[in-house]
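So the sequences go chain by chain: A and B. 72 is the number that the numbering used here gives to position 72 of the first sequence; each next residue is one higher, with no gaps. 835 is the number that the numbering used here gives to position 643 of the second sequence; each next residue is one higher, with no gaps. Report on the structure given below.
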Amino acid sequence: MATESSEGEEEGKITGGNHVLIVEDDLRELGKKAAWSVSSCKPGNGVGSLRDDNLETYWQSDGAQPHLVNIQFQKKVKLQLVVLYVDFKLDESYTPSKISIRSGDGFHNLKEIKTMELIKPSGWVYVSLSGNDPRETFVNTFMLQIAVLSNHLNGRDTHVRQIKLYGPRPNPIPHQPFHFTSREFITYSCVR
Amino acid sequence: MSVCLCNFLIQNISFLFIEILCCFRYTDRRKSAVHHFKQALSVDPLMWAAYEELCVLGAAEEATAVFGEAAALCIQKQYLSHGSASQSLNMPNEDHSTVSARNFGPGPDDASPRQLKHMQGNNLRDIPGNYHGAAAVQSSNGGSSNISFYNTPSPMVSQLSGVAPPPLCRNVQSNVPNPSIPSADSSPRSTVNSTIQAPRRKFVDEGKLRKISGRLFSDSGPRRSTRLSGDGGANTNVSATMAVGNGTSNSSKYFGGSKLSSMAFRAVTVRKGQSWTNENIDEGIRNENFDDSRSNTALTTSSSSPSGDTRSLEQGAVIPISAGIMNGSRAISGASEIMDLLRTLGEGYRLSCMYRCQEALDVYLKLPQKHYNTGWVLSQVGKAYFELVDYSEADWAFSLARQASPYSLEGMDMYSTVLYHLKEDMKLSYLAQELISTDRLAPQSWCAMGNCYSLQKDHETALRNFQRSVQLNPRFAYAHTLCGHEYVALEDFDNGIKSYQSALWVDTRHYNSWYGLGMIYLRQEKYEFSEHHFRMAFQINPCSSVIMCYLGTALHVLKRNDEALVIMEKAILADKKNPLPIYQKANILVSLEKFDEALEVLEELKEYIPRESSVFALMGNIYKRRNMHEKAMLHFGLALDLKPPATDVAAIKSAIEKLHVPDEPEEEM
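This is the structure:
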């Protein structure tokens, strides 16, 4: 999943960040399938800036903490990784410091699945959603909520420049319980 | 009105059939198209283009019937009767041809306006060409008519080169790619026979085809060709070979569709030795000439001097009349030789269009070496291996084809798919680069480029490339199918369905699109639709074990397990190397709870393909259901060792956990 974290990663704490976004091949970005919304925003720095693939634009919240980014899917999806681009050098007191990730079926039954503390992050920050149990590699859910609980230097509002969500690629062959790994199987498995 | 004129002209000019046919074919009036194509063939048995179209439509008769003795006699008769009359016929023919050519343009042709434009544009230039063309038509029906009815100035022999020039661009006007493309070298292949007997290669056709093609296809070659050929392919290769001889450009690009051209080309190459030189001579025109022959309407060149019409074959040309004098016996033997060759090629092509690929390969092997080692034939061989899912052989055949005609684009889209399947990204990107530099405006080049990106899993860029290909030629069915595949990879099923349907609108026998639709419906859980579409694909290509396997899968999800098992058996027999039907058979048996049989099947499969994770995983599942926990554990472990992707790892590990819970709850995993 996450590769080259520039500095050590302690339990729940992330420092630094990568400047290049590198994700494993068997993951794909799922954000396009979701409806994104935020709890508040400053005009001109809305939710669109979170998804525009432009690191110059950012979302700026404009209300009370916690600031929320809500991601809702039409059907349950398996999510494995959340990647955020935040930069302390650029945003200073707007940089998020404590993040909580919740999931559930809707606003009524969100449950926290992960918390992270960011320490002067600068770049792409990878937050894995897997648990320790192999059965918990993915989070299968309708909705994900990323909550910014506090910022660096006790800032009120927050800047987040980009968010990406990753999940496993589906089996290219439908109605198969398992993926094919050997070349012979893959060669014969489709007509192009 | 133009239809009336056409009807009138049909009686006199057989090539008109081709135009009409195309119109019928494009407007989906299959029966009429087939009927007219057959008529065309009966009038002019050397009209390869017509036979090719019939093959693509799936309505061709056996080649022995079409290119048989009767046909040879017919040619001879035509030849002999027209021989002496050619000259006098020239003028009037010219009028006819130009007129008809013009009429075709805007006439029944539903083809693109471009064609029309070209036609008009070309007409002006063609006139001399037509002139000769007409003459040629009339007179060179004979088999070995090396006689060129065209008085083409003799080309510089030095211009001949062995390499087929790159395909001419669509703009007839602007081509002129390499006037000096060396027709001279092409000689090895083309020269073939400097003797009159040489024309084995559809020499005869050549003259005819050329004329016809010239007239018919004013449109830029490739487009038209792709249009005509749809999946016909190969034509260009043929052309290429021919072109090689000619030195003129185009390797075939075009006309894939224009079978004519290909044929023409072939003939041309054959001729080459001498006559070609004539052709090229006129700078600029040269290219056109070839185009012309290619059927690209290019219409030869507007050679200024009537005699300059290079198309023709012989250098001597001159003697259209003497052609008449050519002895009848030569004509007869030439005709029968040509027929032999056409018979073999036609049979091979027909079989490969029917997807009876092994038989097609056997037929092609009957060709003499020098014919086998040409771009078109090798490309067809490659295509046959591709359909047999023997990608390494296909790779080999296509690479030889590329060596034979490096500038030919026909069939290269299929080659790029072969490389995609083989996951050879270096070769694929090299191929794509070469194709783009050969011809930026050919749909095949962009298909190859798209396949390259798709292999890198960059589906959006791949889709853009395929869309470009579609833009270049909306009648190139494969480009639509590839767009569909990319939409599916991006999970945009609606657009995928639209793309596949466009492909089918262009060519109903494009079984890949039926398969694609079946896959989409399978994913969307519309199983009835899925089964119907797989069945349509199966009817078109009854030898494909992959299609049978999916048909079986669709039947299985519809709970029609008995039928599913029958199809799976057929699939297993159809291709011993395909492991998937065996695996699916095991799956079906598991769902029918016939665990022992399933295990047997999987054990065999394990022997055959020892490193497939899903086989072990399925066996583990079966043992688990049979409560044979140790074996289950063993197999799950083996499955994990083979490094399946994360979802499978999660599934297998959770299965392992569950295994132990009922027996030994306290044991930790």
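Note that the Cβ used here is the ideal one computed from N, Cα and C, for glycine as well.
For Y166/A, the uninterrupted beta strand (DSSP E) run begins and ends at Q162 to P168, by DSSP. Within chain B, P771, L772, Y775, I801, E804 and S806 have C-beta atoms less than 8 Å from the C-beta of F185/A, given in sequence order. Secondary structure note for F578/B: its alpha helix (DSSP H) is the uninterrupted segment G567 to E579. Here the segment 156-175 of chain A lies against the segment 78-95 of chain A, with 3 or more beta-carbon pairs under 8 Å apart. The straight-line gap separating the alpha-carbon atoms of S571/B and A589/B is approximately 7 Å. I739/B is not a Cβ neighbour of L747/B, given a cutoff of 9 Å.
Annotation: N753/B to E795/B spans about 21 Å, alpha carbon to alpha carbon.
With respect to chain A, the C-beta atom of Y707/B has a partner C-beta closer than 9 Å. When the beta-carbon positions are compared, T566/B and A527/B stay at least 9 Å from each other. For the pair V662/B and S694/B, the CB atoms are nearer than the 9 Å cut-off. Taking a beta-carbon distance threshold of 9 Å, Y607/B does not count as an interface residue toward chain A. With contacts defined by Cβ atoms closer than 9 Å, G16/A and K120/A form a contacting pair. Among the residues of the segment 815-837 of chain B, those with a Cβ less than 9 Å away from any Cβ of chain A are A831, L834, K835, P836 and P837, in the order of the chain. For H159/A, the nearest beta carbon of chain B is not closer than 9 Å to its own beta carbon. Of the candidates Y815/B, N770/B and S805/B, the residue whose Cα lies closest to the Cα of E792/B is Y815/B.
Taking 9 Å as the cut-off, the beta carbon of R183/A is found no closer than this to the beta carbon of K558/B. When DSSP assignments are scanned along the segment 638-697 of chain B, the uninterrupted stretches of alpha helix (DSSP H) that are 4 or more residues long and fall wholly within it turn out to be 651-664 and 669-681. Under the three-state reduction of DSSP, F138/A is assigned to coil, being neither helix nor strand.
Across the structure, S737/B and H725/B are spaced so that their CA atoms are roughly 15 Å apart. For K230/B, the closest Cβ of chain A is not nearer than 9 Å.
Below the 9 Å Cβ cutoff, chain B contributes no neighbours of H67/A, its closest Cβ being approximately 31 Å away. Contact between Q65/A and S150/A is confirmed by a C-beta separation of about 7 Å, below the 8 Å threshold. Put simply, the segment 629-639 of chain B touches the segment 650-669 of chain B. At least three CB pairs are less than 8 Å apart.
In chain order, A842, K845, S846 and E849 make up the part of chain B whose C-beta sits under 7 Å from the C-beta of R135/A. Under the 8 Å Cβ criterion, the segment 36-53 of chain A does not count as touching the segment 124-135 of chain A, having fewer than three qualifying pairs.
With a threshold of 9 Å between beta carbons, Y692/B makes no contact with chain A. Under the 9 Å criterion on CB atoms, Y85/A is classed as non-interfacial with respect to chain B. Listed along chain B are V581, V738, N770, P771 and L772, each with a C-beta nearer than 7 Å to that of Y188/A. In the three-state reduction of the DSSP assignment, K269/B falls in the helix class, which pools H, G and I. No Cβ-Cβ contact shorter than 9 Å links V69/A with L21/A.
By the beta-carbon neighbour count (other beta carbons within 10 angstroms, threshold 16), T219/B is exposed. Straight through space, the alpha carbons of P837/B and D26/A are spaced by roughly 7 Å. If you look at A35/A, you'll find it in the beta strand (DSSP E) that goes A35 to V38. When DSSP assignments are scanned along the segment 32-76 of chain A, the uninterrupted stretches of beta strand (DSSP E) that are 3 or more residues long and fall wholly within it turn out to be 35-38. Taking CB atoms only, Y577/B has no neighbour in chain A less than 9 Å away.
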